[in-house]
Amino acid sequence: MNLTTLEGSSSLSSLAERYRKGEAGVCGLFGSHPSHPSDWRLRAEALDRTEAGRMDRSRLAGALRAYQRRLKPSAEVDRSIDELASGNALAVVGGQQAGLFGGALLIVYKALTVIQAAKYARELLQRPVVPVFWIAGEDHDYDEANHVYVAGQDGAPKRIRIERPEGPRNAVSRTPLTRQQWNEAIEELAAELPDTEHKPFWIEKIRSHTEDEPTLTLAFARLLSEWFGSEGLVLLDADDPELRSQEGAFFRRLIERNDELESSLKEGEMQVRELGLPIQAEAAKGCANLFVHGDSGRLLLYKKDGNYGDRKDELSLTCDELLEMAERSPDRLSNNALTRPLMQEYALPVLATVLGPSELAYWGVLGPAFASFGMSLPLLLPRQSFTFVDPGIVKLLEKYEVDAESVMEDGAKLKADWLARQDDWRLEDRFGDVRRQFADLYAPLLETLAAVQPDLKRLGENNRERILDQIAYLEKRATDVLAKRHESALKQWDQMSAALQPQGKPQERVLGAIHFLNRYGPEWLEVWKEVPYDVTGGHRLVFP
């Protein structure tokens, strides 16, 4: 395996990139940096001191075991949960909303980063460190979770999707799907995936995971368990009733100190702005940063005259009623992006958390909020980012003497430049000469026409434009003929772009892992276990 680091693949001025590079001002927002081994030790010591303020470990382990029973059995995961139940184990946590059939590649890369970081920390600290993947099943943005892209028979990305059922916009984990919906999506996946020796295995595996009509979240967890259970990756659903039943005490704190929470978030935003950076997820004025699950779906709460309600006034609760809900029915409450990190800190002994660039940006405002609840931020680990360069694409890159990074940056221009070099007749130059000569010859005629009669000049100008249009039409026809002669080569240029930068976006954000597993089989996941872990993340090209 060969790895090539891509410099400048992220905005150099972004908070995430400045943090990754260890810029002092940005690192000051978080209080630590993963490149310093001493910061890992200090965080572990802080967790040991604050153990009493977190969820009871035995109850946490009970909820995790109950959820694991719905997934693929794994002795390695059972061992991880047993370690978490002890008072000595810490956790490296990463999270993501579910994705249909495993979702986009970045989910695999986040899980990989969590696993590798846990191994790194276990070796560094010489104590148990468990990898945990926190599935954001409480989110109600169904369109974020309901699809996956694979490269179809023609190489172009194809989207497979399950439409959201009619009714309230509930959390993804509370949105039921029928057997028919699952069967139709699986049939569409089977039709779009190229035929390989591995395809029957994966289609049958997915069918087995969806026979009991699971939610998107549960089906996603089953696939992730299939892929990473042997690495001891513990999966949890933020909307799991067993886990939620243990979170009531911290929901009460979030409610009782909600004004303080709001003020601390504004303080965090001010600190980020002082560094000249934009706010990724701004807290709205009066927002409680909590949701309630109701008959109308998942409703974001706002404070109104000492009470709580949603924007449309479909729900109204006194503070006491909300506190009672936290006590008696915590499963009716839910966090948003700004309070979920606090709940995660309460639920787990979080040594470090793995974040993508956008997540790092909104975590930048959370320092004061953590401090206001007597907590400190965990180590923030940039998610590793990759572009997988298929062996067939490597051959095409060599054939056309270009590198992968150049194709990713501007494949369309490289393709156009290559086609221009195949033009032995210099069509672009010849047509350019014709246009210039025509303009030189026609300009004096227009002046003469103006002297004869002004209206004739306007007629002449219109006539000139029609002639130029005809020249342009002829040029396009000529270049189309040239392109047709090189149709096969141009398709190969398109193939390189579609593989490395599908839809003009990073590969990891478009193509699903199932695309590569269909092509290479389960062994494809083994490739990633050979990739050296980099605590500061970054983007690397992977040549298997």
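Be aware that the sequence shown starts at 41, since it is given in this note's numbering, and climbs by one per residue.
Cβ atoms here follow ideal geometry from the backbone N, Cα and C, with glycine treated the same way.
C-beta atoms of Val429 and Leu420 nearer than 9 Å: no
Could you pull out every unbroken beta strand (DSSP E) segment of at least 3 residues lying fully inside the segment 294-332, listed in chain order? none
8 Å contact criterion, which His180 and Arg209 should meet: CB distance rounded: 5 Å
Verify whether the separation of the beta carbon atoms of Val133 and Gln320 is less than 9 Å. no
Which of the three DSSP states, helix, strand or coil, is assigned to Trp174? strand
Minimum C-alpha distance to Asp252 - residue among Pro216, Trp267, Gly102 and Glu228: Pro216
If Phe331 and Ser285 are in contact, beta carbons under 8 Å, what's the gap, nearest whole angstrom? About 17 Å; that fails the 8 Å criterion.
When the distance is taken between beta carbons, is Val170 closer than 9 Å to Ile121? yes
Can you give me the C-alpha to C-alpha distance between Gly139 and Thr257, rounded to a whole angstrom? 8 Å
Could you check where the alpha helix (DSSP H) with Gly65 kicks off and where it finishes? Ala64 to Phe70
Boundaries (first-last residue) of the beta strand (DSSP E) holding Ala129: Run containing Ala129: none; DSSP gives neither H nor E here.
Using only CA atoms, which one of Thr379, Thr393 and Thr250 lies nearest to Leu111? Thr250
Express the C-alpha separation of Pro370 and Met310 in angstroms, rounding to a whole number. 32 Å
Taking DSSP as the reference, what is the three-state secondary structure of Thr393? strand
Which residue marks the beginning of the beta strand (DSSP E) containing His187, and which one marks its end? His187 to Ala191
Buried/exposed call for Ser213, threshold 16 Cβ in 10 Å: Here Ser213 is buried, its C-beta having at least 16 other C-beta atoms within 10 Å.
On the DSSP bridge assignment, give the partners of His579 in chain order. Beta-bridge pairing links His579 to Leu46 and Ser425.
CB of Glu163 within 9 Å of CB of Ala278, strictly: no
Who pairs with Gly552 in a beta bridge, going by DSSP? Ala144
Can you tell me whether DSSP reads Pro281 as helix, strand or coil? helix
Length-filtered (4 minimum) alpha helix (DSSP H) runs lying within the segment 199-256: As far as the segment 199-256 is concerned, its whole alpha helix (DSSP H) runs of at least 4 residues are 219-232 and 239-250.
Given Gln424 as reference, the closest of Met95, Gly71, Arg247 and Ala151 once Cα atoms are compared: Ala151
With 16 as the cutoff for other CB atoms within 10 Å, does Trp242 come out buried or exposed? buried
Which residues bound the beta strand (DSSP E) around Tyr386? Premise fails: Tyr386 lies in the alpha helix (DSSP H), Arg380 to Ala387, not in any beta strand (DSSP E).
Count the other CB atoms, across all protein chains shown, that sit within 10 Å of the CB of Met536; report buried if there are 16 or more and exposed otherwise. buried
From Tyr482, Tyr513, Glu515 and Lys516, pick the residue whose C-alpha is nearest to that of Asn502; which is it? Shortest Cα-Cα distance from Asn502 to any of Tyr482, Tyr513, Glu515 and Lys516 involves Tyr482.
Is it right to say Ala444 is buried, meaning 16 or more other beta carbons lie within 10 angstroms of its own, or is it exposed? buried
In chain order, what residues of the same chain lie with their CB nearer than 8 Å to the CB of Gly577, ignoring the 5 residues before and after it? Arg60, Thr153, Leu421, Pro422, Arg423, Gln424 and Ser425
Proximity of Ala131 and Arg380 at Cβ, strictly below 9 Å: Going by beta carbons, Ala131 and Arg380 fall outside the 9 Å limit.
Rounded to whole angstroms, how far is the Cβ of Ala366 from the Cβ of Gly288, which I believe are closer than 8 Å? 5 Å
Go ahead and pull the three-state DSSP assignment for Ser356. Of the three classes helix, strand and coil, the one that applies to Ser356 here is strand, per DSSP.
Cβ shell of Ser72 (< 6 Å), same chain only, five flanking positions each side left out: So the list reads Asp79 and Leu419, once near-sequence residues are dropped.
Determine whether the beta carbon atoms of Ala129 and Glu123 lie at a separation below 9 Å. yes
Report the start-end ranges of each alpha helix (DSSP H) in the segment 68-117 that is 4 residues or longer and not cut off at the edges. 77-89 and 97-108
Along the chain, which unbroken stretches of the alpha helix (DSSP H) at least 4 residues long are found entirely within the segment 418-489? 431-439 and 444-461
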